[in-house]
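Chains A and B, in that order, give the protein sequences. For the first sequence, the working numbering assigns the number 1 to the initial residue and increments by one for each residue that follows. For the second sequence, the working numbering assigns the number 1 to the initial residue and increments by one for each residue that follows.
Protein chains: 2
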Amino acid sequence: MYWQIEQLSDAEDKSMEDKHMLMIPGPTPVPEKVLLAMAKHTIGHRSPEFSQIMEEVTENLKWLHQTNNDVLIVTASGTGAMEAGIINFLSPGDRVLVGSNGKFGDRWAKISKAYGLEVDTIAAEWGQPLDTEEFRTKLEADTEKQIKAVIVTHSETSTGVLNDLETINRHVKEHGECLIIVDAVTSLGAVNVPIDEWGLDVVASGSQKGYMIPPGLGFVSVSPKAWAAYENCTMPRFYFDLGQYRKSAQKNTTPFTPPVNLIFALQVALQMMKEEGLENIFARHSRLTKATRDAIKALGLPLLAPDECASTAVTAVAPTNVEAEQIRKVMKKHFDIALAGGQDHLKGKIFRIGHLGFVSDRDILTTISSLEITLQQLGYQNPAPKKVVKAASKPLILT
Amino acid sequence: MYWQIEQLSDAEDKSMEDKHMLMIPGPTPVPEKVLLAMAKHTIGHRSPEFSQIMEEVTENLKWLHQTNNDVLIVTASGTGAMEAGIINFLSPGDRVLVGSNGKFGDRWAKISKAYGLEVDTIAAEWGQPLDTEEFRTKLEADTEKQIKAVIVTHSETSTGVLNDLETINRHVKEHGECLIIVDAVTSLGAVNVPIDEWGLDVVASGSQKGYMIPPGLGFVSVSPKAWAAYENCTMPRFYFDLGQYRKSAQKNTTPFTPPVNLIFALQVALQMMKEEGLENIFARHSRLTKATRDAIKALGLPLLAPDECASTAVTAVAPTNVEAEQIRKVMKKHFDIALAGGQDHLKGKIFRIGHLGFVSDRDILTTISSLEITLQQLGYQNPAPKKVVKAASKPLILT
């Protein structure tokens, strides 16, 4: 007998609301220590005490970004950080190559157009990675060095695809002149992004992802080459003028009032990340991804992104013979587990499991076992039934 | 015998750090209920639960703004909100009148210039109010209606001056065509800003002031007349494109990930404000201002702004025969009370007492009595000694 969705306990029932479990690709679960840091009394942002915190978080951000470049903090969502990453280093009419294989690649093309850039889009189907050869061809053909920047999304949150940033960046370096501007919103802190080793010029990210803190902070790392471009940039800007942030950061402060309590949260989260260590963080994300994908395969459900380009932040599933939105509804109503839906034309066609940030092995087993029961109750027939929880647990136990 | 500052207990002593008292004009003290709301687990920003909160806070923001206009929430500081208020309704080359009698008026002139507006500044000395007659003269002379907007700071945080917005706005209305764009960052929630009654087109504010919540949220109220101007506005923008926020707000959501935990804080703070009631809130701020100013007068210290234009958010004091920075240092070191210093050319010349947001009668008496002792210990001689605490208490007791 299947459950009637209507009869399931309602998530709006306030008595159990703290049992809510976030398995979406942002906002991600926030550790208790970080939540409690946010509940501390606000202090003045021009005080020596706050400057001391700014100094610590800036140093730790550089550690996390694996860079000696400036890493600047803006009060904004990830989109604001990306906009800052674009409007400080380019001028109207500049030609840019934008990789687009999902909602966020599309967004950078939109921002670029809104600011009068000449946008040449390299597209791929949603769920497929960008073709690095297309970048090579266009960059090699640009003998007159008209292309000023390549703008690319590393982990495409809307599809769970990890683009091959390393190879694209190599072609950029062979071009020699253009900048590489990277959306690392869901990759930073979930997968290796060695900024200095690769020579990434501008890398933008947001707090509600691998950082394990609530939304509200954006981060932008800026290379010396990008700062040189900044000097000639003619785009209008004020709030997002990164030159002002750099000047203030040198004095451990900010040009405009920062969200003090979110900075408290950042301080604690970065301390936790340092304690875990970069290698362990990346290994954990890989392990959770493998476990999730193996379980989805054992369930007989199609994965949207191929294994070779699987993001370690989020896994998108394109179920057949069962409605994605029904799955999300039951997961939410009965188990109080939030999964993300599809965006734009993938709405209703996929669901997405976030496994980045403060997510443990146990969270994956919980999600997978709840998903298995949900599918059963929705009448889903697995074409080749396998032991699902066991499949999920293998990558977790072996490492 | 005077204290040696060096011998005073150090505020960096962690054991007493929770005793810190914020008496600066932002960030302001945050109520316990609001702090605890921020420590709640983050939820998905696309969930029905979050939309319900957005619906409630939007309705309550309209109540606080005394308007039926859209009131939009941006993830940004007050400066970001002001920038949004400028770049959505004007086009490069447009002529604007900017009132400037302090750091923030100056800032709006800078933003306007950064975006290519033709800026005509109406200035007054820092500490003096803007001359409303100058607005009248320039607006009356503009028979060809070239002036597209008047941009004015209501409460100038850097000096404690409340500009006569009502009169300036009346001249704007007589002009008939131009918009009025208001920085109400430290006036909203501290003094009456009846948006609909006066017909204010764009009003920007920030969370860390009268709202009693930490920094990180900006608010912009937009009139139908401003929306009409939006349609013809050619300034480039994306993150701060208020049209996107309006579209999303109609569905109780946001175009980009909002700072969920700060929205939790906003929800609770607005509930508290509704409970207190607008009239009581404004009366409390007036009372605290009167008490502060009367006490400063009894101390024989010069007030920067005249009584007639005193902001109910912040009081600036320009001490003679005693160093402003010494006062701040002792207040901080010995009593752990944070006062603000002067900005730009007033640095070292004034100190500022913030009395907006979650500030009570007791807080004023605490600050004033600590200030009296501080001055004594710094060797300050009051030219005509009066009973200072009694002076402060009179406005508090009589109301």
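Even glycine gets a Cβ: it sits at the ideal position worked out from N, Cα and C. These numbers were taken from a predicted model, which means no experiment stands behind them.
query                                                                                                              : result
Exposure label - B:A384; buried when at least 16 CB within 10 Å                                                    : exposed
A:G354, DSSP secondary structure in three states                                                                   : strand
A:T374 vs A:I353 beta-carbon contact at 8 Å                                                                        : no
Cβ shell of B:I263 (< 8 Å), same chain only, five flanking positions each side left out                            : F50, I53, M54, V57, I73 and L217
Contacts of B:I111 in chain A (Cβ-Cβ under 9 Å)                                                                    : F238 and Y239
Residues near A:A391 by beta carbon distance below 6 Å, same chain, minus five either side                         : D294, A295 and A298
Helix, strand or coil at B:K387 according to DSSP, with G and I counted as helix                                   : coil
A:S311 versus A:L162 - alpha carbon distance                                                                       : 5 Å
Rounded distance between the beta-carbons of A:L396 and A:R246, thought under 8 Å                                  : With 8 Å as the limit, A:R246 and A:L396 do not qualify as a contact, their Cβ atoms being about 43 Å apart.
Residue(s) in a DSSP beta bridge with A:S100                                                                       : A:A123
Beta-carbon proximity check, B:I147 vs B:I111, cutoff 8 Å                                                          : no
Counted within 10 angstroms of its Cβ, other Cβ atoms place B:S65 as buried (16 or more) or exposed                : A small fix is needed here, since residue 65 of chain B is His in this sequence, not Ser. B:H65 comes out buried.
Residues bridged to B:F219 [DSSP beta-bridge criterion]                                                            : B:I73 and B:S205
Cβ neighbours of B:A11 in the same chain (closer than 8 Å, five flanking residues each side left out)              : Because B:A11 sits at a pLDDT of 49, beneath the cut-off of 50, its placement in the model cannot be relied upon, and the point is left open.
Length at least 3, wholly inside the stretch 124-153 of chain B: the beta strand (DSSP E) runs in chain order      : 147-153
Within chain A, the residues that B:T42 reaches when beta carbons sit closer than 9 Å                              : L22, P27, T28, P29, V30, L35, Q208, I213, P214 and P215
Uninterrupted alpha helix (DSSP H) stretches inside the stretch 315-353 of chain A (no shorter than 4 residues)    : 324-335
B:S187 at chain C interface by Cβ criterion, 8 Å                                                                   : Looking at the structure shown, chain C is missing, and the protein chains on hand are A and B.
A:D196 versus A:G99: straight-line alpha-carbon distance, rounded                                                  : 22 Å
Own chain residues within Cβ distance below 6 Å of A:P319, not counting five before or after                       : L301
Buried or exposed by the 16-neighbour rule on C-beta atoms within 10 Å, applied to B:D307                          : exposed
Within-8 Å CB hit, A:A316 to chain B                                                                               : no
Assigned exposure category for B:K33 - 16 Cβ within 10 Å defines buried                                            : exposed
Through-space distance from B:D106 to A:G239, alpha-carbon basis                                                   : In the sequence as presented, Gly is not what sits at residue 239 of chain A; that position holds Tyr. Cα-Cα distance, rounded: 14 Å.
Neighbouring residues, chain A, relative to B:H45 (Cβ below 8 Å)                                                   : P27 and P215
DSSP three-state assignment for A:A11, whether helix, strand or coil                                               : Residue placement at A:A11 is poorly supported in this model, since its pLDDT is 49, which falls under 50; the coordinates still yield a value, given next. If DSSP states are grouped into helix, strand and coil, A:A11 belongs with coil.
Contiguous alpha helix (DSSP H) assignments of at least 4 residues, all confined to the stretch 164-188 of chain A : 165-175
Residue from B:I43, B:P25 and B:E134 with nearest C-alpha to B:P258                                                : B:I43
Given A:I137 as reference, the closest of A:A316, A:W126, A:T157 and A:T167 once Cα atoms are compared             : For the record, residue 137 of chain A in the displayed sequence is Thr; it is not Ile. Out of A:A316, A:W126, A:T157 and A:T167, A:T167 has the C-alpha closest to the C-alpha of A:T137.
For A:F89 and A:A402, believed in contact at Cβ under 8 Å, the rounded distance                                    : What the structure shows of chain A is the stretch from 1 to 399, and residue 402 of chain A is not part of that stretch, so it cannot be assessed.
Beta-bridge pairing of B:M38 - partner residues as DSSP gives them                                                 : Partner(s): none; B:M38 has no beta bridge.
Nearest-angstrom Cα separation, counted from B:S369 out to A:S77                                                   : 43 Å
B:G210 to B:V268 span [Cα, whole Å]                                                                                : 14 Å
Closer than 7 Å at the beta carbon, the chain B residues around A:V260                                             : P27, P214 and P215
B:T67 to B:G199 span [Cα, whole Å]                                                                                 : 9 Å
Test item: CB-CB of A:V191 and A:A204 under 8 Å                                                                    : no
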